[in-house]
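Engineer:
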Amino acid sequence: MKLDVNALRYLSKDDFRVLTAVEMGMRNHEIVPTELVNSISSLKHGGTYKVLKNLLKHKLLHHDSSKYDGFRLTYLGYDFLAIKTMVNRGVFVAVGRQIGVGKESDIFEVATEDGTVLAMKLHRLGRVSFRAVKSKRDYLRHRTSYNWLYLSRLAALKEFAFMKALEEHGFPVPHAVDCNRHCVIMSLVQGYPLVQVKQLQNPDMVFERIIGLVVRMAEHGLIHCDFNEFNIMIDDDEKVTMIDFPQMVSMDHRNAQMYFDRDVECIFKFFRKRFNLSFEESPDENDGSEVDTDESGRPRFSSIAKGVGFLDKELAASGFTRKDQEDIEKFIEGGIEKDADSSDEESEDGGRNSDSELNKSDINGVDSLHLLDQQEQTIHCDEEARVEENQENSETGQSQTSVPECPDASDKEEENQTMNNNDAELTKRLRKQNRRVIASVRGGRKSLASRNSYKDKGGSSSRNSKIQKQMSGW
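Following my numbering, the residues of the sequence shown are numbered contiguously, the last one being 503.
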């Protein structure tokens, strides 16, 4: 739907009040009933119905009366709510032309009061070009019900958080200004998308700089997942800027290596095809990161050391769970305690005690595994005893030899016998229950017809029913 901001100047406070009421009702309603909109907006003298008619004329709401009479917000109405909030905050005062269209967003120019031009990105998930959000993204996580407006809001919040964190750590990204609902305001990048660039003065340096950004983000614990020529901006001075961040994942994601290799392969493929670069030698990264490369010069995922910072932990990136965060905190606390113990205690016994305390959980897990394998150990001990007995008989020719005893073999055999007896009793009880159920089903009562049911008192239908009963074995 095309964004026409001219209608925004003609909307009153009551119009935005009703739009907000519909938005509030959509938290737990797919279609908000008219009575609920009227009660939330609480306009006097039944003014809600007049306002709803005006909003329908501007296509800010959608009316649905298939199940009950109700309304829902359209993307245009959601845009108006976000723009009105930004204007009230003083972020910008004017909306300009559209400068970009993507599979899940639209980008417009906006101007501040002093004339500075910014970029406004409106997320629009649910388009025909991108509807596999549940499988491609993990915005929902544990949620089952959703609508596209809510998913667009989650994507905008995620992109704003990533952009702000990357900027603080010195990455070349746009400056994040503000965020509201599905709208993100950022600085306008003075450059061109790399896909539109036909010639470069130093393609080798640009290529090395871009690959260095991929490796450096991985060292901070993040993977872009859509790092290609469409999401890289370059200016006249060949300065590179990254854009589009809502799909970023953690280095601990189960598919992290696949995403990392895909980003690297996209850059290699584009520079080979567009600028005819050959990658015989490994590139030297300008960011100072030392990473092993394969024969074609591609950085290896396994050689990247995640030690510079934990941005995936700070931002709760996809793939980084609470369990990972707890493990990292335990590791840090354990390292501090270990350093304190090593500085205070010089004896070996102290070190052994600390190791035993740290490894209690591991020991408990091993003990549980050993308990499960007791029967196998007794069988193994019996087999070893028989083999030794046969060897001694063959060497000495004696008829009787001493058999080596397996440790605690008698106790283990008694435990196994008790377990087997318990299993036998359980199986007997289950079989009796099954027999009772089968007998009750076969010899149960017939279903009685209700008093108001139609009773056939003769005729062809009754005769046919009797024949069918005889044939079915009644």
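Yeah, the Cβ is synthetic: ideal placement off N, Cα and C, and Gly gets one too.
Note that the structure is predicted; figures quoted are calculated from it, not measured.
On a Cα-Cα basis, can you pick out the residue from F274, Q286, K457 that is closest to K187?
Structural biologist: Comparing Cα-Cα distances from K187 to each of F274, Q286, K457, the minimum goes to F274.
Engineer: Alpha carbon to alpha carbon, how far is K298 from A285? Give it in angstroms, no decimals.
Structural biologist: Their Cα atoms are separated by approximately 20 angstroms.
Engineer: Using C-beta distances below 6 angstroms, list every residue in its chain close to F304, excluding the 5 sequence neighbours before and after it, in chain order.
Structural biologist: Contacts found: P232.
Engineer: Comparing alpha-carbon positions, which option in M215, Q276, M262, T114 lies nearest E138?
Structural biologist: For E138, the nearest C-alpha among the options comes from M215.
Engineer: Identify every residue that forms a DSSP beta bridge with M115.
Structural biologist: BP columns for M115 are empty, so no partner.
Engineer: For L195, which residues from the same chain have a beta carbon less than 7 angstroms from its beta carbon, with the 5 sequence-adjacent residues on both sides left out?
Structural biologist: V202, listed in sequence order.
Engineer: State the CB to CB distance for the pair F100 and V61, rounded to an integer number of angstroms; the pair is presumed to be in contact (CB under 8 angstroms).
Structural biologist: Correct: roughly 6 angstroms between the Cβ atoms.
Engineer: Who are the near neighbours of V224 in its chain, counting only those whose CB is closer than 7 angstroms to its CB and skipping five residues on each side?
Structural biologist: Same-chain partners within the cutoff: E258, F259.
Engineer: Between the beta-carbon of A185 and the beta-carbon of H152, is there less than 8 angstroms?
Structural biologist: Yes, the Cβ-Cβ distance between A185 and H152 is below 8 angstroms.
Engineer: Where H204 and I240 are concerned, what is the direct C-alpha to C-alpha distance, given to the nearest angstrom?
Structural biologist: Their backbone Cα atoms lie some 22 angstroms apart in a straight line.
Engineer: Taking the alpha carbon of W177 as the point to measure from, which residue in V206, K150, H211 has its own alpha carbon closest?
Structural biologist: The residue with the shortest Cα to Cα distance from W177 is H211.
Engineer: From this set, L90, K86, Y39, which residue's C-alpha is nearest T49's C-alpha?
Structural biologist: Looking at the Cα atoms, L90 is the closest of the given residues.
Engineer: With a threshold of 6 angstroms on Cβ separation, who are the neighbours of K193 within its own chain once the five nearest residues in sequence on each side are excluded?
Structural biologist: Taken in chain order, the residues that qualify are A205.
Engineer: Would you mind working out which of Y288, M280, D207 sits nearest F339, comparing C-alpha positions?
Structural biologist: The shortest C-alpha separation from F339 is found at M280.
Engineer: Using the DSSP secondary-structure output, state which residues sit across from Q127 in a beta bridge.
Structural biologist: Answer is F137.
Engineer: For G119 and L344, I'd like the C-alpha separation in whole angstroms.
Structural biologist: Roughly 27 angstroms between the two C-alpha positions.
Engineer: Taking the C-alpha atoms as reference points, what is the distance between R283 and V269?
Structural biologist: Near 29 angstroms, if we compare the C-alpha coordinates of V269 and R283.
Engineer: Going straight from the alpha carbon of F289 to that of M262, what length do you get?
Structural biologist: Each residue's alpha carbon lies about 20 angstroms from the other.
Engineer: Taking its Cβ as the centre, do 16 or more other Cβ atoms sit within 10 Å of G54, making it buried, or is it exposed?
Structural biologist: With 16 or more other Cβ atoms within 10 Å, it is buried.
Engineer: So the alpha helix (DSSP H) G54 belongs to, where does it begin and stop?
Structural biologist: First-last of the alpha helix (DSSP H) with G54: 42-54.
Engineer: So what's G99 in DSSP terms, helix, strand or just coil?
Structural biologist: G99: strand per DSSP, three-state reduction.
Engineer: Who are the Cβ neighbours of N393 in its own chain at under 6 angstroms, not counting the five residues just before and after it?
Structural biologist: The predicted model places N393 with a pLDDT of 42, which falls under 50 and marks its position as unreliable; any figure quoted below should be read in that light. Same-chain partners within the cutoff: there are none.
Engineer: Is the CB-CB distance between L85 and H74 below 8 angstroms?
Structural biologist: No, the pair does not count as a contact, with Cβ atoms beyond the cut-off.
Engineer: Out of Q276, L251, L81, F256, state which residue places its alpha-carbon closest to the alpha-carbon of I333.
Structural biologist: I333 has its Cα closest to that of L251, out of Q276, L251, L81, F256.
Engineer: Between D207 and the rest of its own chain, which residues show a CB-CB distance below 6 angstroms, the 5 nearest in sequence each way excluded?
Structural biologist: Same-chain partners within the cutoff: V120, I214.
Engineer: At the level of alpha carbons, what is the spacing between D43 and Y107?
Structural biologist: Straight-line Cα distance between these residues: approximately 16 angstroms.
Engineer: Given this structure, state the Cα-to-Cα distance separating L81 from R182, to the nearest angstrom.
Structural biologist: One C-alpha to the other measures close to 24 angstroms.
Engineer: Can you grab the Cα-Cα spacing for the pair F109 / E52, in whole Å?
Structural biologist: F109 and E52: Cα-Cα distance of roughly 12 angstroms.
Engineer: Mind checking whether V34 and V124 have CB atoms under 8 angstroms apart?
Structural biologist: Taking 8 angstroms as the Cβ cut-off, V34 and V124 qualify as a contacting pair.
Engineer: Can you tell me whether DSSP reads I60 as helix, strand or coil?
Structural biologist: Here I60 sits in coil by DSSP.
Engineer: What residue from V278, M271, G76, Q230 has the CA that sits closest to H249's CA?
Structural biologist: Taking only the C-alpha atoms, the option nearest H249 is V278.
Engineer: Is it buried or exposed for Y104, if we count other Cβ within 10 angstroms and need 16 for buried?
Structural biologist: It is buried - the Cβ of Y104 has at least 16 other Cβ atoms within 10 Å.
Engineer: For F45, which of L32, V130, L72 has the nearest alpha-carbon?
Structural biologist: Among L32, V130, L72, the Cα nearest to that of F45 is on L72.
Engineer: Kindly list the residues whose CB is nearer than 6 angstroms to the CB of L40, restricted to its own chain and excluding five residues on each side of it in sequence; keep chain order.
Structural biologist: Once the five neighbours on either side are set aside, L40 has no close Cβ partner at all.
Engineer: Tell me which residue opens and which closes the beta strand (DSSP E) that C212 is part of.
Structural biologist: Counting along the chain, the beta strand (DSSP E) containing C212 begins and ends at 212-216.
Engineer: Take Y221 and list the residues in its own chain whose beta-carbon comes closer than 8 angstroms to its own, dropping the five residues that flank it on each side.
Structural biologist: M262, I263, D264.
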